[in-house]
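Asker:
Number of protein chains: 2
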Amino acid sequence: MGKIYVVGMGPGREEGMTLEARKALSVSEVLIGYTVYIDLLREQYPEKTLLTTGMKQEVERCRLCLEQAESGKTVSLICSGDAGVYGMASLMLEVAEKAPGIEIEIVAGVTAALSGSALLGAPVGHDFCVISLSDLLTPREVIEQRLRAAAAGDFVMVIYNPRSRSRADHLRRACEILLETLPGSRPCGLARNIGRDGEARELCTLEELKDKDADMFTTVFIGNSMTKEVNGRLVTPRGYRRDE
Amino acid sequence: MGKIYVVGMGPGREEGMTLEARKALSVSEVLIGYTVYIDLLREQYPEKTLLTTGMKQEVERCRLCLEQAESGKTVSLICSGDAGVYGMASLMLEVAEKAPGIEIEIVAGVTAALSGSALLGAPVGHDFCVISLSDLLTPREVIEQRLRAAAAGDFVMVIYNPRSRSRADHLRRACEILLETLPGSRPCGLARNIGRDGEARELCTLEELKDKDADMFTTVFIGNSMTKEVNGRLVTPRGYRRDE
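If you read the protein sequences in the order shown, they are chains A and G.
So in the working numbering, spot 98 of the first sequence is number 98, and the numbers just go up one at a time.
In short: position in the second sequence from 1, add 1000, done, that's the working numbering.
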């Protein structure tokens, strides 16, 4: 029986990968992922079998991993960012539920909440929430409930998928909900194209954020009541571990 | 003028570091951190200057970085996990506020919410919150407000610092608050000594979690209404990105 690694690749650049992720790729005979990522790996790993499935073919992609592992191969399933956070780890474990003999190892990676925070400064310096605005797999009421709860809890918020292919107003609507209870002056930030060409950070207020253009490669940060600007960076203080 | 890297080292083992983190260490002349981490690096980097400050000397540690950078050195300030999440990035940026000429680069790392999730399976597969139970720097009412808000928002919760040096009942108290609204059967997990000797995962219910012994090297995961056990792993489904 083979083995499946579900590998978080970190932000765009290879430097963002962990040594563990690179090791998983190097011991794998088969690399499987969404077309764009696999194309990037083709040059680097000419000796490996590279298999792709298109967008929204996530279940198919997991089944492909399972087939390859059942035939004895060591397989890496590639995810951008972390393997878990909106990644393929949960789906892979579900698809493999009926094949408990296949070993599955999840290899964590740096998700955009962390890489984007580093780019902006340290907005995620203390308690925080990660919320996706995508309503493809989550009912919109659940998303809105989470935004309200996060505001009530004075959490720093990290917003993934601020716009979808079909709808541009997810971020505007989220800001409107937050502005019901949070001040318009609340410091916010956008991290664009993290680890890729065009990497950029932008600071603004919650009121200004409403009208920002945030595409699918943008991660949005909304400060809590303590968040402030320090020399052009977004900083949430008091965030070091008691036990460090 | 020198430069300061604030470097997230990931979980315990070197494999958990990113290539970028390793590069920052290798270009630095001075490595600064909490004694335990610096001791681990001494063997690996015999040619570098290694400076330490003890526990709760975080401001002092940042000042030391600034002094070294002002004398023209390239410095890495070492953090376990991520540089931002309960790390030193925010404090370093604050301490350096009056020295805007010093370049500060934050290097993200894999925080325990991600490495612990990978160890347990994929509890952090969708929207989640990270909450520290340490009341050293956060008023207890704020922590309790955040726990209630996270429950109201049906967030997966990742709990850092489930016990402090002086008090063992932080986790019990947190569970009691959550059990006001969440079912006792809610799937939970503990990730112990992630990336270190004694690494272990344990699944339990929220009711059982109340009586678990979670030390300072344990990260606790509390599922949302969708979280379930799959072949001994903790899985929160529906967590893949729309744009992947």
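Even for Gly, the Cβ is constructed at its ideal location relative to N, Cα and C.
Quick one: is G/ILE1131 near chain A, going by C-beta distance under 8 Å?
Answerer: Yes - at least one Cβ of chain A is within 8 Å of the one on G/ILE1131.
Asker: Going by beta carbon distance, what residues of the same chain come within less than 7 Å of A/LEU51, once the five residues before and after it are set aside?
Answerer: The answer, listed in chain order, is VAL30, ILE32, LEU64.
Asker: So what does DSSP say about G/ILE1038, is it helix, strand or coil?
Answerer: Three-state result, G/ILE1038: helix.
Asker: Residues of chain A with CB under 9 Å from G/ASP1154, in chain order?
Answerer: Under the 9 Å cutoff, chain A gives VAL142, GLN145, ARG146, ALA149.
Asker: Would you list the residues sitting across from A/PHE128 in a DSSP beta bridge?
Answerer: For A/PHE128, which the question treats as bridged, DSSP gives the partners A/VAL156, G/VAL1130.
Asker: If contact is defined by three or more beta carbon pairs under 8 Å, each pair taking one atom from either stretch, is the segment 89-97 of chain A in contact with the segment 169-180 of chain A?
Answerer: The answer is no - the segment 89-97 of chain A does not touch the segment 169-180 of chain A, with fewer than three Cβ pairs under 8 Å.
Asker: Ends of the alpha helix (DSSP H) at G/VAL1095?
Answerer: It spans 1089-1095 - the alpha helix (DSSP H) in which G/VAL1095 sits, taken as one unbroken run.
Asker: Quick one: Cα of G/GLU1067 to Cα of A/LEU182, how far?
Answerer: Cα-Cα distance, rounded: 39 Å.
Asker: Name, going along the chain, the residues of the segment 1079-1094 of chain G whose beta-carbon falls closer than 9 Å to a beta-carbon of chain C.
Answerer: Checking the listed chains, one finds no chain C in this structure; the protein chains it contains are A and G.
Asker: What's the call for G/ARG1140, buried or exposed, on a 16-neighbour Cβ count within 10 Å?
Answerer: Result: exposed.
Asker: Could you tell me whether the segment 135-152 of chain A touches the segment 203-210 of chain A, using the rule of 3 or more Cβ pairs below 8 Å?
Answerer: They do not touch, by the three-pair rule.
Asker: Return helix, strand or coil for G/ARG1148, following the three-state DSSP convention.
Answerer: In the structure shown, G/ARG1148 sits in a helix (DSSP, three-state: H, G or I).
Asker: Suppose contacts are defined by Cβ-Cβ distances below 8 Å. Is G/SER1026 in contact with G/TYR1005 by that definition?
Answerer: Cβ distance not < 8 Å, so G/SER1026 and G/TYR1005 don't count as in contact.
Asker: Against G/PHE1221, what residues of chain A qualify as contacts under a CB-to-CB distance less than 8 Å, listed in chain order?
Answerer: Simply none; closest approach about 11 Å.
Asker: For the alpha helix (DSSP H) that contains G/ALA1024, what are its first and last residues?
Answerer: 1019-1027 is the span of the alpha helix (DSSP H), which, as asked, contains G/ALA1024.
Asker: Taking the alpha-carbon of A/ARG61 as reference, which of A/LEU91, A/VAL220, A/ARG165, A/ILE222 has the nearest alpha-carbon?
Answerer: Cα-wise, what sits closest to A/ARG61 is A/LEU91.
Asker: If you reduce the DSSP assignment to three classes, tell me which class G/ILE1106 lands in.
Answerer: Correct three-state label for G/ILE1106: strand.
Asker: Please confirm if A/HIS170 has its CB atom under 8 Å from at least one CB of chain G.
Answerer: Cβ-Cβ to chain G under 8 Å: no for A/HIS170.
Asker: Helix, strand or coil: how does DSSP classify A/TYR240 here?
Answerer: Here the model assigns A/TYR240 a pLDDT of 41, short of 50, so the residue's position is not dependable and the matter cannot be decided.
Asker: With the cut-off set at 8 Å, would you say G/TYR1160 and G/ALA1112 are in Cβ contact?
Answerer: Yes, these two residues count as a Cβ contact at 8 Å.
Asker: Please give the ranges of any beta strand (DSSP E) in the segment 153-240 of chain A, keeping only runs that are unbroken, at least 3 residues long and fully inside the region.
Answerer: Counting whole runs of 3 or more residues, the segment 153-240 of chain A contains the beta strand (DSSP E) stretches 156-160, 187-192, 200-205, 218-222, 228-230, 233-235.
Asker: Check distances from the C-beta atoms of the segment 15-33 of chain A to those of chain G and list, in chain order, the residues that come in under 8 Å.
Answerer: Within the segment 15-33 of chain A, the qualifying residues are GLU15, GLY16, MET17, THR18, LEU19, GLU20, ARG22, LYS23.
Asker: Name the residues in the segment 205-233 of chain A whose C-beta lies less than 8 Å from a C-beta of chain G; which are they?
Answerer: Those residues of the segment 205-233 of chain A that come within reach of chain G (Cβ to Cβ, closer than 8 Å) are MET216, VAL230, ASN231, ARG233.
Asker: Under a three-way DSSP split, which group does G/ALA1113 fall into?
Answerer: Here G/ALA1113 sits in helix by DSSP.
Asker: Express the C-alpha separation of A/ARG173 and A/ASP215 in angstroms, rounding to a whole number.
Answerer: The straight-line gap from Cα to Cα measures roughly 15 Å.
Asker: Kindly indicate which residue of A/THR74, A/GLY184, A/ASP135 has the alpha-carbon position closest to the one of A/HIS170.
Answerer: Out of A/THR74, A/GLY184, A/ASP135, A/ASP135 has the C-alpha closest to the C-alpha of A/HIS170.
Asker: Please classify A/VAL6: does DSSP put it in a helix, a strand, or coil?
Answerer: DSSP places A/VAL6 in strand when its eight states are reduced to three.
Asker: Closer than 8 Å, CB to CB, is A/ALA69 near chain G or not?
Answerer: No, no contact with chain G.
Asker: DSSP state of A/LEU119, grouped into three classes?
Answerer: A/LEU119: helix per DSSP, three-state reduction.
Asker: May I ask you to report which of helix, strand or coil DSSP gives G/VAL1075?
Answerer: Here G/VAL1075 sits in strand by DSSP.
Asker: Expressed to the nearest angstrom, what Euclidean distance is found between the alpha-carbon atoms of A/VAL107 and A/GLY54?
Answerer: Rounded to the nearest angstrom, the two C-alpha atoms are 22 Å apart.
Asker: Does the Cβ of G/VAL1036 have 16 or more other Cβ atoms within 10 Å, making it buried, or fewer, making it exposed?
Answerer: The residue is exposed, with fewer than 16 neighbouring Cβ atoms inside 10 Å.
Asker: Strictly by DSSP, which residues pair up with G/LEU1066?
Answerer: Paired residues: none, contrary to the question.
Asker: Which class does G/VAL1030 belong to by DSSP, given the choice of helix, strand or coil?
Answerer: G/VAL1030 falls in the strand class under three-state DSSP.
Asker: Candidates G/ASN1193, G/GLU1208, G/ARG1192, G/CYS1188: which alpha carbon is nearest G/VAL1230's?
Answerer: If we check each option's Cα against that of G/VAL1230, G/CYS1188 comes out closest.
Asker: Run down chain A in chain order and give the residues with a C-beta less than 8 Å from the C-beta of G/SER1115.
Answerer: In chain order: ALA108.
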